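J.:
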């Protein structure tokens, strides 16, 4: 355990919803809910304005609509979230090469491994804490300057306590937990505050009369091992007394690449299921290639109408990123699954990843066969001379668009052959609303605009976070936590 709180945890505040509010001036200060908009959709993120109505992540979207009917309900814009995440993660990597992202909006940083490590190692405890606070405050200021968003930061001597500190700091705050105060902070918390304790483990502990982290610490390791098993019980006990020696690990290697879709109406037609599997396989291959990886094992996931979930897998002779091979294997696995009653979810993944691809004759044969089929289909289509099917464009709420006359905007809603667009940008005021036909040729999908003009410019690498690593920070450089241990409401 460290004597200095040199591990920080950053958690952006209501990230997806906050990006939408920053990008859409008319939504600032109003409830925004991002997630799946279909009948089976769930909430990904709710703004703090929506959380006041009881809306939270993972809630069914139908329930969120009942609780907060006047909110803006938007589908996700993952390209926009990725753009902002890259800016934030870039700032973190200026502080240290040891950055462990947990998601697009959350990461641990080990300050001792960065340019401030020597200063932290040589200074006294009080000066070291002031430096950590200064770095954390300047990080938050830089994030807001470049993105317009806020983030909450926790600083502590371990990953466990840093994450708990950032939870206490929400929203838009900074909390530092001094090493040695772990048990005092953890004791009153419910057992679910510890990582590794989910609903099932919570029920086991509750039946044994263990409701708080202090109860776990007092129960002792032997009792927790008896209740939860050796590895899990021992790990939970160590965390309950504030012991966490897990290092910050940069660029954790993915074990698999996968994609999946949940369908609003159960799929009962075998041909439709196979077409969906082919589309999922193609998406999976694109993601695999983007990561520069290949894999040996193709995995199919099927969730049936009764919520039972099946997985089937097949291991190939060597690692591949060949779309024909992965698609054919996924189809073969799907053909073996009983879909009686309907399928509500399908997923395709590739595991046993490698950094190289082994070409084989099977892949070559499949490509040649696919080319022959495509050529035959093209000839048949020319012979029949069937009229081209009319494709109706689909516009999703929140989607970025551009009109040849009115410029950039976003979709407020669509239906009955019409689409409503609000024309505004992240740096404009609230814009005007206009309605068009869904097939209006002047209206086109667009890429997300940056939240700040010039936000794609990287910060100065020689001046990180506004603090010179060779200069001792002055007193009061960072905002100290409140006397009660929190710098903002929890949420």
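Residue numbers (the numbering used here): 17 to 507. Glycine is no exception: its CB is placed at the ideal position from the N, C-alpha and C atoms. All of these numbers come straight from a predicted model, not from anything done at the bench.
Three or more C-beta pairs under 8 Å: does that hold for the segment 346-365 against the segment 310-321?
T.: Yes, they touch.
J.: Contact check, residue 346 vs residue 293 under 8 Å by CB: the rounded distance?
T.: Correct: roughly 5 Å between the Cβ atoms.
J.: When you compare only the Cα positions, how much space is there between residue 263 and residue 171?
T.: Looking at the two C-alpha atoms, the distance is approximately 15 Å.
J.: Check residue 359 in the structure and name its three-state DSSP category.
T.: Here residue 359 sits in strand by DSSP.
J.: If you draw a straight line from the alpha carbon of residue 93 to that of residue 81, how long is it in whole angstroms?
T.: For residue 93 and residue 81, the distance between alpha carbons rounds to 20 Å.
J.: Go to residue 512, then tell me how far its beta strand (DSSP E) extends in each direction, as first and last residue.
T.: No answer is possible for residue 512: the residues shown for the chain start at 17 and end at 507.
J.: Between which two residues does the alpha helix (DSSP H) carrying residue 239 extend?
T.: 237-244 is the extent of the alpha helix (DSSP H) around residue 239.
J.: Quick check on residue 421: buried or exposed, where buried means 16 or more other Cβ atoms within 10 Å of its Cβ?
T.: It counts as exposed.
J.: What runs of the alpha helix (DSSP H), each 4 residues or longer, lie entirely inside the segment 247-328?
T.: The qualifying runs are 286-306.
J.: Use the C-beta contact count for residue 424: other C-beta atoms within 10 angstroms, 16 or more gives buried, fewer gives exposed.
T.: Flag for residue 424 reads buried.
J.: Which one of 160, 114 and 33 has the shortest CA to CA distance from residue 469?
T.: Nearest C-alpha to residue 469: 160.
J.: Would you mind sorting residue 175 into buried or exposed? The rule is 16 or more other CB atoms within 10 Å of its CB.
T.: When all chains shown are included, residue 175 counts as buried.
J.: By a C-beta neighbour count over all protein chains shown, 10 Å radius and 16 as the cutoff for buried, is residue 67 buried or exposed?
T.: Its Cβ being crowded by 16 or more others within 10 Å, residue 67 is buried.
J.: Measuring only the C-alpha atoms, how far is residue 173 from residue 180?
T.: For residue 173 and residue 180, the distance between alpha carbons rounds to 12 Å.
J.: Using the C-alpha atoms, what's the distance from residue 451 back to residue 251?
T.: Roughly 58 Å separates the two Cα atoms.
J.: Could you compute how far the alpha carbon of residue 197 sits from the alpha carbon of residue 20?
T.: So the alpha carbons of these two residues sit roughly 12 Å apart.
J.: Extract the residue ranges of the beta strand (DSSP E) inside the segment 44-117, only unbroken runs of 3 or more that lie entirely within it.
T.: DSSP runs (the beta strand (DSSP E)) wholly in the segment 44-117: 48-51, 59-62 and 88-90.
J.: Please name the residue or residues paired with residue 448 in a DSSP beta bridge.
T.: In the DSSP output, where bridge partners are listed per residue, residue 448 has 439.
J.: Looking at C-alpha atoms only, which residue of 27, 178 and 140 is the closest neighbour of residue 261?
T.: With distances taken between Cα atoms, residue 261 lies closest to 178.
J.: On the DSSP letters alone, give me the boundaries of the alpha helix (DSSP H) that residue 31 sits inside.
T.: Residue 31 -> alpha helix (DSSP H) spans 31-39.
J.: Which word fits residue 323, buried or exposed, when buried means at least 16 other C-beta atoms lie within 10 angstroms of its C-beta?
T.: By the neighbour-count rule (16 or more Cβ atoms within 10 Å), residue 323 is not buried but exposed.
J.: Since residue 184 is in the alpha helix (DSSP H), which residue starts that stretch and which ends it?
T.: Unbroken alpha helix (DSSP H) run through residue 184: 175-185.
J.: Since residue 418 is in the beta strand (DSSP E), which residue starts that stretch and which ends it?
T.: That run of the beta strand (DSSP E) goes 416-419.
J.: Please tell me whether residue 37 and residue 50 are closer than 8 Å, where the distance is taken between their beta carbons.
T.: Taking 8 Å as the Cβ cut-off, residue 37 and residue 50 do not qualify as a contacting pair.
J.: Span of the alpha helix (DSSP H) holding residue 224?
T.: No alpha helix (DSSP H) contains residue 224, which DSSP labels as neither H nor E.
J.: Take the Cβ of residue 186 as the centre, count every other Cβ of all protein chains shown within 10 Å, and call the residue buried at 16 or more, exposed below.
T.: Buried is the call here.
J.: Give the C-beta separation of residue 273 and residue 303 to the nearest angstrom, bearing in mind that I take them to be a contact with Cβ-Cβ under 8 Å.
T.: Correct: roughly 5 Å between the Cβ atoms.
J.: Mind checking residue 204: buried by the 16 CB within 10 Å criterion, or exposed?
T.: With fewer than 16 Cβ atoms within 10 Å of its Cβ, residue 204 is classed as exposed.
J.: DSSP has residue 331 in a bridge; who is on the other side?
T.: Paired residues: 313.
J.: Over the uninterrupted beta strand (DSSP E) stretch that includes residue 460, give me the two end residues.
T.: From DSSP, the beta strand (DSSP E) with residue 460 extends over 459-461.
J.: Could you work out which residue in 29, 87, 32 and 91 is closest to residue 57 when comparing CA atoms only?
T.: Of the listed residues, the one whose Cα sits closest to residue 57 is 91.
J.: Report yes if the C-beta distance between residue 61 and residue 39 is below 8 Å; otherwise report no.
T.: Contact: no.
J.: Give me the Cα-Cα distance between residue 279 and residue 356, rounded to the nearest whole angstrom.
T.: Computed Cα separation, rounded: 16 Å.
J.: Tell me the DSSP secondary structure of residue 144 in three-state form.
T.: Residue state, collapsed to three classes: helix.
J.: For the beta strand (DSSP E) holding residue 196, just list the boundary residues, first then last.
T.: No beta strand (DSSP E) contains residue 196, which DSSP labels as neither H nor E.
J.: Measuring only the C-alpha atoms, how far is residue 140 from residue 193?
T.: Residue 140 and residue 193: Cα-Cα distance of roughly 17 Å.
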